[in-house]
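Visitor: Quick one: the structure is below, questions incoming.
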Amino acid sequence: MKRLTTLLTIATLALIAGTVAAEWEDSAEYPYPVPLGLQKPRVPADNPVSDAKVDLGKKLYFDKRLSADGTVSCATCHDPKKGWTDQGKVSTGIHGQKGGVSAPTVLNSAFMDIQFWDGRAASLEEQAKGPIENPVEMGFTHAAATTTLAGIAGYPSLFEKAFGTSEISIDRVAQAIASFERTVLTGNAPYDRFEAGDKKALSASAQRGLKLFFGKANCSVCHSGFNFSDSDFHNLGVGMTAKETNLGRHAQTKEDRHRGAFKTPTLRNLSDTAPYMHDGSEATLDDVMAFYNRGGVKNPWLDKEMKPLNLTAREIKDVVNFMKALNGEKAIIEEPALP
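Numbering-wise, this note's numbering puts 185 at position 76 of the sequence shown, and it's gapless, one number per residue.
Next comes the structure, spelled out in structure tokens:
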């Protein structure tokens, strides 16, 4: 029986691997080393990563001239100095307008199967286009943004280096920004070193937290894989008692099962990305654990896995210490000189 089970497991894994390989058989190679604990990001075949494209994308990422009033760039809400977020409950766009959600981190976004809290973008390329035209965020049009770039001395030659011609299109803008974002990685955390054999990398408390994370605390049901996210959507009850409820994924799918469901964020480097939840409603990791320990907020669409955990104060502290052990190497990015 044990041999049969083993064979079935191997066969299942092979099938999964084959499916993934088939899905990405036309993908391009990721040309850079990655930190311990990570896999290489998947790269679409029509947007291979290159030094020139990453350099261009970095400049575009920091360029506020992609917004209608010249005050907002990608880095405004996803600041490298603030965990690649803005560390606010919600983000602030042009004319001081407040957005509806907390800015998710760009760190390891390359590993997400889908982008935005509500999953409205299927790729980093698609995601990069969204904020430019969002009236609350950057408030421009794609046509106006590309016209602006074309009129800035220095950008046409950078596009030529990256793409072979000096044409500036919104697709190329998005491809360059996405290429840069694929280099924004974090790994080599104490947890990764522990898993690699360094048993002193985690404190005794963090080791207890590890067992709880994958056991009694049930965290790994959603925060799974090397990036600690299933890239799926779950209703935790967050924001469901607000006067104007954000229905999350439901806005895209119109399926009842997605009411109030939001994408699972990565837990890597989460010490730098407070406040937590899609609405920034939990200020600290202790607050987050207290929320989960209560079983979330009851509502008709609450995820079936959301139940009271009955963790003790010590167990909560241990899980928090484990999550802090997911803080790894940070991508050190300095704001570049712009054309």
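Note that the Cβ used here is the ideal one computed from N, Cα and C, for glycine as well. Just so you know, these numbers come straight off a predicted model, no measurement behind them.
Within this structure, are the beta carbons of E242 and G146 separated by less than 9 Å?
Guide: Counting from 1 along the sequence shown, the entry for residue 242 is found at position 133. Counting from 1 along the sequence shown, the entry for residue 146 is found at position 37. No, the Cβ-Cβ distance between E242 and G146 is not below 9 Å.
Visitor: Counting only beta-carbon separations shorter than 9 Å, does P153 have a partner in chain C?
Guide: Of the protein chains in this structure there is only one, and it is not chain C.
Visitor: Can at least three beta-carbon pairs, one atom from the stretch 153-164 and one from the stretch 276-292, be found at a separation below 8 Å?
Guide: With the cut-off at 8 Å, the stretch 153-164 and the stretch 276-292 touch.
Visitor: Across which residues does DSSP place N344 in a beta bridge pair?
Guide: Within the sequence shown, the letter at position 235 stands for residue 344. Answer is A370, bridged to N344.
Visitor: Could you name the residues of the same chain whose beta carbon sits closer than 8 Å to that of E276, not counting the 5 residues immediately before and after it, in chain order?
Guide: Locating residue 276 in the sequence shown gives position 167, counting from the first residue. Only F268 meet the Cβ criterion.
Visitor: Use the C-beta contact count for P189: other C-beta atoms within 10 angstroms, 16 or more gives buried, fewer gives exposed.
Guide: Here residue 189 is taken as the residue at index 80 of the sequence shown, counted from 1. Buried, because 16 or more other Cβ atoms sit within 10 Å of the Cβ of P189.
Visitor: Would you report the Cα separation of A212 and C183, rounded to the nearest angstrom?
Guide: Looking up residue 212 in the sequence shown gives position 103. Looking up residue 183 in the sequence shown gives position 74. The straight-line gap from Cα to Cα measures roughly 11 Å.
Visitor: For A271, which of helix, strand or coil comes out of DSSP?
Guide: Here residue 271 is taken as the residue at index 162 of the sequence shown, counted from 1. Of the three classes helix, strand and coil, the one that applies to A271 here is helix, per DSSP.
Visitor: Terminal residues of the continuous alpha helix (DSSP H) containing T255?
Guide: Taking the first residue of the sequence shown as 1, we reach residue 255 at position 146. Note, T255: alpha helix (DSSP H), H251 to A259.
Visitor: For the alpha helix (DSSP H) that D160 lies in, which residues bound it at each end?
Guide: Reading the sequence shown from its first residue, position 51 is the one you call residue 160. It spans D160 to F171 - the alpha helix (DSSP H) in which D160 sits, taken as one unbroken run.
Visitor: Which residue comes first and which comes last in the alpha helix (DSSP H) that contains C183?
Guide: To locate residue 183, count along the sequence shown from 1; it is residue 74. First-last of the alpha helix (DSSP H) with C183: C183 to C186.
Visitor: Apart from the five residues on each side of it in sequence, which residues of its chain come closer than 7 Å, Cβ to Cβ, to M247?
Guide: One-based indexing of the sequence shown puts residue 247 at position 138. For M247, where only same-chain residues beyond five positions count, the Cβ hits under 7 Å are L175, S176, A177, V181, G202, I203, P240 and I241.
Visitor: Helix, strand or coil: which one does DSSP assign to G127?
Guide: Against the sequence shown, residue 127 aligns to sequence position 18. The predicted position of G127 is uncertain, since its pLDDT is 39 and thus under 50; no value can be drawn from it.
Visitor: Quick one: measure Cβ to Cβ for K433 and S380, integer angstroms, because I've assumed they're closer than 8 Å.
Guide: Within the sequence shown, numbered from 1, the residue matching residue 433 stands at position 324. Within the sequence shown, numbered from 1, the residue matching residue 380 stands at position 271. Contact holds; Cβ gap of about 6 Å.
Visitor: I need the straight-line Cα distance from V347 to P445, nearest angstrom please.
Guide: Counting from 1 along the sequence shown, the entry for residue 347 is found at position 238. Counting from 1 along the sequence shown, the entry for residue 445 is found at position 336. Going from the Cα of V347 to the Cα of P445 covers about 38 Å.
Visitor: What distance in whole Å lies between the Cβ atoms of Q284 and E234, which are believed to be in contact at a cut-off of 8 Å?
Guide: Here the question's residue 234 lines up with position 125 in the sequence shown. Here the question's residue 284 lines up with position 175 in the sequence shown. Indeed, because the Cβ distance is near 6 Å, the residues count as touching under 8 Å.
Visitor: Alpha carbon to alpha carbon, what distance is there between C328 and D341?
Guide: Residue numbering aside, residue 341 sits at position 232 when the sequence shown is read from its first letter. Residue numbering aside, residue 328 sits at position 219 when the sequence shown is read from its first letter. Rounded to whole angstroms, D341 to C328 spans 14 Å at the Cα level.
Visitor: What did DSSP end up calling E444 once you bin it into helix, strand or coil?
Guide: To locate residue 444, count along the sequence shown from 1; it is residue 335. Coil at E444, not helix or strand.
Visitor: Give me, in chain order, the residues of the same chain whose beta-carbon lies closer than 8 Å to that of A259; leave out the 5 immediate sequence neighbours on both sides.
Guide: Here residue 259 corresponds to residue number 150 of the sequence shown, with the count starting at 1. Counting only Cβ-Cβ distances below 8 Å, and skipping sequence neighbours, we find P265 and I277.
Visitor: Does the beta-carbon distance from D427 to L294 come in below 9 Å?
Guide: By 1-based counting over the sequence shown, the position of residue 427 is 318. By 1-based counting over the sequence shown, the position of residue 294 is 185. Not closer than 9 Å, so no.
Visitor: For the putative contact between H367 and R358, defined by C-beta atoms under 8 Å, what is the C-beta separation to the nearest angstrom?
Guide: What you label residue 367 is simply residue 258 of the sequence shown in a count that begins at 1. What you label residue 358 is simply residue 249 of the sequence shown in a count that begins at 1. About 4 Å; that satisfies the 8 Å criterion.
Visitor: Taking just the CA atoms, how far does V152 sit from A130?
Guide: As a working note, residue 130 is residue 21 in the sequence shown. As a working note, residue 152 is residue 43 in the sequence shown. Only weak support exists for where A130 lies, its pLDDT of 37 falling under 50; the value from the coordinates is given anyway. Distance between the alpha carbons of A130 and V152 is about 13 Å.
Visitor: Thinking C-alpha only, which one of T350, N355 and R317 is nearest G405?
Guide: Residue 405 sits at position 296 when you count from the first residue of the sequence shown. Measuring from the Cα of G405, the nearest candidate turns out to be T350.
Visitor: May I have the straight-line CA-CA distance separating G205 from S390, to the nearest angstrom?
Guide: As a working note, residue 205 is residue 96 in the sequence shown. As a working note, residue 390 is residue 281 in the sequence shown. Approximately 21 Å, taken between the alpha carbons.
Visitor: Can you tell me whether A219 is buried or exposed? The criterion is at least 16 other CB atoms within 10 Å of its CB, across all chains shown.
Guide: Sequence index remark: in the sequence shown, residue 219 carries index 110 (1-based). A219 comes out buried.
Visitor: On the DSSP bridge assignment, give the partners of Y385 in chain order.
Guide: Here the question's residue 385 lines up with position 276 in the sequence shown. BP columns for Y385 point to E391.
Visitor: For K363, list the residues DSSP reports as bridge partners.
Guide: Along the sequence shown, one-based indexing puts residue 363 at 254. In DSSP, K363 forms no bridge with anything.
Visitor: For Y141, count neighbouring C-beta atoms within 10 Å of its own C-beta (all shown protein chains included) and say buried if the count is 16 or more, exposed if not.
Guide: Counting from one through the sequence shown, the residue named residue 141 turns up at place 32. Burial call: exposed.
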